[in-house]
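Numbered per the numbering used here, the sequence shown spans residues 18 to 209.
Glycine included, each C-beta is placed from N, C-alpha and C at the ideal position.
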Amino acid sequence: MDTAPHHHPHRIGITGSAGVGKTTLAEALGGRLDLPVMAEAMRPLLEAGFDLHTLTREGHRALIRAQADALVRAMAQADGGFVTDRTPLDFAAHWLSNGFGVDDPAATEALLARAVAAMADYSAVLLLPWGCIPLEDDGVRFPNPWMQLHFQELVAGLCRRWVDPARLVIVPDRAMAPEARLDWVLRRLGPG
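If you want it as structure tokens, here you go:
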């Protein structure tokens, strides 16, 4: 009889507003735990010069749906562990923060239902704190801290409502060097 403890690979989602260190932590965790990182879909578009403001409201909704669906599919097809730079609830928060719940209530309900169902695939969801790292105006992030706070509170509320508290890791609301933050998270995660 096998009495050794069985470890399952970590499936880690990282969430929070722009500029809180999600990408840095995702890459560090992926490297340390030897897990693939599912990169944020919007970053490469923005880095290539894509301007969200050129989209109609329907075009913006279609983009959010497409990116949310792509992440959920990638998670479902993953064999083993992974780290995601953003979670399905991030897309729901983007949708709600742009007022799309008013435009299309049925699509809002469907997007949120898919996001909530997909969150069950995570072994841990890391909610990074707003305001601990200076927000850079790098052409990728919107540099308005109050807009970022608005998004942060939406995604934090969605996580508190729909992520099992045993799997929600709220990273401390204090400045930490990237290596110290990584070490803190690894201690919280334990063996995979």
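Taking 8 Å as the upper bound for CB-CB distance, phenylalanine 108 and glutamine 84 are in contact here, some 6 Å apart. Per DSSP, glycine 30 lies in no alpha helix (DSSP H) segment; the continuous beta strand (DSSP E) that holds it begins and ends at 28-32.
Take valine 202, set aside five residues on each side of it, and the residues of its chain with a beta-carbon closer than 8 Å to its own are Leu42, Leu46, Leu143, Val186 and Val188, in chain order. Counting only runs of 3+ residues, the beta strand (DSSP E) found wholly inside the stretch 34-119 occupies 99-102, in chain order. Remark: C-beta atoms of methionine 136 and threonine 101 do not approach each other more closely than 7 Å. Out of Arg198, Asp155 and Pro151, the CA that lies nearest to the CA of tryptophan 163 is found in Pro151.
Its chain contains Leu171 as the residues whose beta carbon lies nearer than 7 Å to that of leucine 113, once the 5 sequence neighbours on both sides are disregarded; these appear in chain order. Fewer than three Cβ pairs drawn from the stretch 25-42 and the stretch 66-81 lie within less than 8 Å of each other, which leaves the two stretches out of contact.
DSSP places leucine 128 in the helix class (H, G or I) of the three-state scheme. Only buried fits alanine 35, as 16 or more other CB atoms lie within 10 angstroms of its CB. By the C-beta density criterion, alanine 93 is exposed, having fewer than 16 other C-beta atoms within 10 angstroms.
In the DSSP assignment, isoleucine 187 is bridged to Leu144.
If you draw a 10 Å sphere on the C-beta of alanine 197, you find fewer than 16 other C-beta atoms in it, and that means exposed. If you check the CB distance, alanine 132 and leucine 166 do not come in under 7 Å. Annotation: tryptophan 179 to glutamate 64 spans about 31 Å, alpha carbon to alpha carbon. Contact annotation, alanine 127 with arginine 184: C-beta distance approximately 24 Å; criterion of less than 8 Å not satisfied. Here alanine 130 is exposed: its Cβ has fewer than 16 other Cβ atoms, across all protein chains shown, within 10 Å. In this structure, the straight-line span from the alpha carbon of leucine 72 to that of threonine 104 is close to 23 Å.
For cysteine 176, the closest C-alpha among the options Leu50, Ala110, Leu88 and Leu80 is that of Ala110.
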